[in-house]
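All remarks here apply to the structure that follows.
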Amino acid sequence: MRYRLLLFLQMINLISSGVLPPRKRFPDAIIVGVKKSGTRALLEFLRINPLIKAPGPEVHFFDKNFNKGLEWYREQMPETRIGEVTIEKSPAYFHSKMAPERIKSLNPNTKIIIVVRDPVTRAISDYTQSSSKRKRVGLMPSFETMAVGDCANWLRANCTTKTRGVNAGWGAIRIGVYHKHMKRWLDHFPSQNIHIVDGEKLISNPADEISATEKFLGLSPVAKPENFGVDPIKKFPCLKNDDGKLHCLGKTKGRHHPDVEPSVMRALKEFYGPENKKFYQLVNHWFDW
Ligand code: A3P
């Protein structure tokens, strides 16, 4: 009996002194999307906080790799000690039909983080990424053709008066109808477990958005304005090292976007207007897109 008590006290001592060996744990929080809204910047900037740990690549467990099993998933995580927070980021979870239910069944207390930005900019960013990948197999049709042009022929079913002639079936457009996807997350998680990051503010004022996310994670905020500088060429925020050197995201982030015809921009704005309002009401947060 005495021996057990001693062992117990020793364990408490080890836990409180942080000496227990680190181990891989399922994530406490997941950045579930939205793709092309600044999810990589958010994760890289959160790493300023030494208590936040994340796997390097996107894991895609709850959408593409679910058949690999939970032990595989845990194996992808970094080793952490008690008090540290494990975060995973896989932005395709946001629009995955299965991800919310699967995450909830693993841990209903998982904290969900969602970065959103103007869905028109997001669609152009999504297109820019796809077309840069497609360069190897031949050029993609222009953004305008994909967004409205093909409505005249083979994509007619996706383009109705309700969609203002916009091809709402195209993935780059569909993902930006945020309220439809958001509803699934709210059906599975209480709103206090969901944190929305404003992707535009993450660019204009990263310290504020990062501090708010640290608080949501139950941590004392570490991020300060002096941790950031601005990339002189791309004009996006970068991390500033102690020696003043900037550490910016790689060349696949902050790409040059094509100029889109004003009439197409107008059609997209009109299409998204009512959809955005439904999203604002759902999350009880007004954005100015
Ligand atoms: P573009 O490369 O099209 O400009 P994600 O990481 O979710 O894929 O989002 C990528 C987008 O994040 C980029 O799209 C860019 O607009 C935006 N972004 C936000 N903060 C950024 C930063 N600090 N550096 C580079 N891109 C950033």
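In mature numbering (1 follows the signal peptide of the UniProt record, and there is no 0), the protein residues as written are -17 to -1, 1 to 272.
Just so it is clear, CB atoms sit at the ideal spot from N, CA and C, and this is done for glycine as well.
Evaluate I97 with the Cβ neighbour count: other Cβ atoms within 10 Å of its Cβ, from every protein chain shown; 16 or more gives buried, anything less gives exposed. buried
Cα separation between K51 and E27? When rounded, the distance between both Cα atoms is 27 angstroms.
K234: beta carbon under 7 angstroms from a heavy atom of the ligand A3P? Flag unset: Cβ of K234 not near the ligand A3P.
Of all the alpha helix (DSSP H) runs that stay within the bounds of the stretch 1 to 83, which reach a length of 4 or more residues? 22 to 29, 53 to 58
Quick one: Cα of R64 to Cα of K223, how far? Straight through space, the alpha carbons of K223 and R64 are spaced by roughly 27 angstroms.
Straight-line Cα distance separating T69 from T93: Using only the alpha carbons, I get a separation of about 11 angstroms.
Any heavy atom of the ligand A3P closer than 7 angstroms to the Cβ of P220? yes
Exposed or buried, K18, counting other C-beta atoms within 10 Å across all chains shown (16 or more means buried)? buried
In whole angstroms, what separates the C-alpha of N48 from that of V160? 25 angstroms
Limits of the unbroken alpha helix (DSSP H) element including H178: Looking at the DSSP string, H178 is not in any alpha helix (DSSP H); the run it does join, the beta strand (DSSP E), is 177 to 181.
Bridge-paired residues (DSSP) for P220: V213
Reducing DSSP to helix, strand and coil, say where K94 ends up. Looking at K94 - three-state DSSP - the assignment turns out to be strand.
In three-state DSSP terms, what is V131? coil
List, from N- to C-terminal side, the beta strand (DSSP E) runs of 3 residues or more that fit wholly inside the stretch 239 to 272. none
In chain order, what residues of the same chain have a beta carbon less than 6 angstroms from the beta carbon of R238, not counting five sequence neighbours either side? T111
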